[in-house]
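What follows is one structure encoded as structure tokens, with my remarks underneath.
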Amino acid sequence: MPGTLEFIFDFGGPNAYLAYRALPGLLARTGATLHYTPCLLGGIFRATNNRPPLVRYAEIPAKLAYEQLEMERFVKAHGLHSFRINPNFPMNTLMLMRAAIVAEDMGLLDRFIESAMTAMWEVGENMADPDVIARVLDADGFDARTMLARTEDQAVKEKLIANTEHAVARGAFGVPTFFVAGEMFFGKDRLAQVEAALALA
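Following my numbering, the numbering of the sequence shown begins with 390 at its first residue and continues without gaps.
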């Protein structure tokens, strides 16, 4: 029986976008069910004393160059030629991730993720700006006013915090993080291992 793949993500990570775009083929081959878990990357970093690569490797230019090379290789291997580094990167995704919680509650999470990922990593929208978020959502057929108003609900805030804390408690220290039958895999470059684990699930 096909297994379940949990995808822990934040829109703010370019590698989360790249993994997201690479997942359809993996899911088709394995028959696995995909479960999204929106988390706040900044919260994961704070809880684990981790830092983004641009900061962590700031004094290791060869490492930064290699990270870029690996990204280019991944893009080429998966044909992800619509990918662009957002000119506003890095950006605060707190409102956007809360909106993902709202979308999940409304049964619209899949559509919301597609909209936000495209806007951020293909179009280059500033998805930290509430006005831009509203414009993008409205253009994609969402009720932006209602959704963004609900990002201030305490239950929405608490759900995002709980998701983030639970991810950290299970070992997550960044995104994209995947879980298959309780086993954790980190990074887009582990998708082959994820696929092998799903074959055994």
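Glycine included, every Cβ here is placed at the ideal spot set by N, Cα and C.
- Message: Does the region 525 to 535 come into contact with the region 412 to 427, if we say contact requires no fewer than three beta-carbon pairs (one atom in each stretch) closer than 8 Å?
- Response: They do not touch, by the three-pair rule.
- Item | Minimum C-alpha distance to A408 - residue among A590, F574 and N477 | Nearest of A590, F574 and N477 to A408, Cα basis: F574.
- So E572 is in the beta strand (DSSP E); what residue range does that whole segment cover? Membership of E572 in the beta strand (DSSP E) is indicated by the continuous run E572 to F575.
- Message: How far does the alpha helix (DSSP H) with T393 in it extend, from its first residue to its last?
- Response: First-last for T393: T393 to F398, but that is the beta strand (DSSP E), not the alpha helix (DSSP H).
- Query: Is the region 429 to 441 touching the region 449 to 457, taking contact as three or more C-beta pairs under 8 Å?
  - Reply: Between the region 429 to 441 and the region 449 to 457, the count of C-beta pairs closer than 8 Å stays below three; the two stretches do not touch.
- Message: Applying the 10 Å Cβ sphere with the 16-neighbour rule, what's the burial state of P403?
- Response: By the 10 Å Cβ count, P403 comes out buried.
- Query: By how many angstroms is the C-alpha of A590 removed from the C-alpha of V569?
  - Reply: V569 and A590 have their alpha carbons spaced roughly 8 Å apart.
- Task: Please look up how many angstroms separate the CB atoms of V488 and I522, rounded, as I've assumed it's under 8 Å.
- Result: Reading the sequence as shown, one finds Ala at residue 488 and not Val. 7 Å between Cβ atoms; contact.
- Candidates M460, A558 and H555, of which the one nearest G576 by Cα: Ranked by how close their Cα comes to the Cα of G576, the residues M460, A558 and H555 have M460 in first place.
- Query: Taking C-alpha atoms, which residue in I550, A417 and W510 lies nearest to I490?
  - Reply: Checking every option, the nearest Cα to that of I490 belongs to I550.
- Count the CB pairs spanning the region 411 to 418 and the region 503 to 520 that are closer than 8 Å, and state whether there are at least three. No: the two stretches stay apart, fewer than three of their Cβ pairs being nearer than 8 Å.
- In three-state DSSP terms, what is H555? The answer is helix: DSSP assigns H555 an H, G or I state.
- Report the rounded CA-to-CA distance for E547 versus F472, giving the unit in angstroms. Approximately 32 Å between the Cα atoms of the pair.
- Task: Sort out for me which residues DSSP pairs T566 with in a bridge.
- Result: As a beta-bridge residue in DSSP terms, T566 pairs with I397 and F575.
- Query: If we ignore side chains and look at the alpha-carbon of each, how far apart do L357 and E541 end up?
  - Reply: As shown, the chain starts at 390 and ends at 590. That puts residue 357 outside it, with no answer to give.
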